[in-house]
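This report concerns only the one structure given below.
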């Protein structure tokens, strides 16, 4: 399974299915969900962002990629993700330093 598909949750996949079945019509999907066109457009933009993050170079840190996906999902704030990533990097550096001694 491609990494970008694995990064999507069941709700994202259901949305994509509805979008495809609506022939890519954002207006039709908005009507199905009972929301406005801009709401659906924002959802599509978040999905695009998630796919791009997940599909980036495999050499990037998996932890950072997961944090970026959480931010794209609005599960955590970008500020919280930055603090978590800084703590992770500090811990990794500390671990490497201890191994090198």
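Numbering (the working numbering), first residue to last: 3 to 103. No residue lacks a Cβ here, since even glycine has one placed at the ideal position from N, Cα and C. These numbers come from a predicted model, not from an experiment.
| Item | Value |
| --- | --- |
| Where the alpha helix (DSSP H) containing residue 96 begins and where it ends | 80–102 |
| Beta-carbon separation (whole angstroms), residue 52 vs residue 74, contact threshold 8 Å | 5 Å |
| Euclidean distance between Cα positions of residue 43 and residue 10 | 17 Å |
| Check whether residue 83 and residue 72 have beta carbons under 8 Å apart | yes |
| Cutoff 6 Å; reference residue 35; Cβ partners in own chain excluding five residues on either side | none |
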